[in-house]
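Residue numbers (the working numbering): 1 to 215.
Don't be surprised by glycine CBs; every beta carbon is placed ideally from N, CA and C.
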């Protein structure tokens, strides 16, 4: 889930929302993160989580798109049918193809539990930033599907050598600097920062797709 999904549940209002990456592979480590403004000690970290205040708080979290998950929406992979929560409210959870019960997705469950409307944004909560991994943007920018391609990996490492860490490229590096290096890559990062991307949510064990440019 991302913070916005959690904001919709009043029962979570008293909890700080943090983000941490999984460890399926080295490339996934550090993909998500919680950015704090604190002193480098446990007491300050604890204060930021339990009683945040200026100078001792969560500034924002870094997220990947939950739509990439294999069970974000409800659906049936064998029937090639995917259902949004809006459609579920209208059509129920029966597959229109095989007439069996759909594999219910995460967003369906959020809709069941939520007491705040879709799109609700809490002004009292730290914001979050949704990113697409740099390796995936590089792969799209050079027109190669596989992120394990040597050409993609070489291009990715060249970007890091030029600009530093992946987060600095995705979040902070001025677009003009990136454009002078690679105009197409700069356009991809600009689209990501503005949220102007293409998303196909995952369902029933099928991974979702998050693309910068239309396929």
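Using the C-alpha atoms, what's the distance from residue j back to residue i?
i           : j           : result
residue 211 : residue 12  : 31 Å
residue 83  : residue 215 : 21 Å
residue 169 : residue 77  : 36 Å
residue 199 : residue 41  : 39 Å
residue 173 : residue 97  : 48 Å
residue 26  : residue 167 : 16 Å
residue 95  : residue 7   : 30 Å
residue 4   : residue 143 : 32 Å
residue 114 : residue 9   : 5 Å
residue 189 : residue 126 : 23 Å
residue 171 : residue 193 : 7 Å
residue 128 : residue 109 : 22 Å
residue 60  : residue 34  : 6 Å
residue 30  : residue 24  : 11 Å
residue 158 : residue 106 : 38 Å
Please state the DSSP three-state secondary structure of residue i.
i           : result
residue 47  : helix
residue 206 : strand
residue 106 : helix
residue 33  : strand
residue 214 : coil
residue 2   : coil
residue 199 : strand
Within the same chain, show all residues whose beta-carbon is closer than 6 Å to that of residue i, passing over the 5 residues directly before and after it, in chain order.
i           : result
residue 139 : 147, 152
residue 57  : 37, 48
residue 184 : 141
residue 45  : 38
residue 79  : 95, 97, 98
On the DSSP letters alone, give me the boundaries of the alpha helix (DSSP H) that residue i sits inside.
i           : result
residue 163 : 150 to 163
residue 185 : 183 to 194
Rounded to the nearest angstrom, how far is the Cβ of residue i from that of residue j, given a contact under 8 Å?
i           : j           : result
residue 135 : residue 120 : Not really, about 33 Å apart at Cβ, beyond 8 Å.
residue 73  : residue 203 : 4 Å
residue 19  : residue 63  : 6 Å
Please confirm if residue i has its CB atom under 8 Å from at least one CB of chain C.
i          : result
residue 85 : Given the protein chain composition of this structure (a single chain), no chain C is represented.
Within a Cβ cutoff of 8 Å, which residues of the same chain sit near residue i, ignoring the five residues on either side of it in sequence?
i           : result
residue 207 : 68, 69, 70
What is the residue span of the beta strand (DSSP E) that residue i lies within?
i           : result
residue 83  : 81 to 83
residue 128 : 128 to 130
residue 63  : 57 to 63
residue 75  : 74 to 76
For residue i, collect the residues of the same chain with a Cβ closer than 7 Å to its Cβ; drop the 5 residues on either side in sequence, then sort them by chain order.
i           : result
residue 186 : 175, 178, 179
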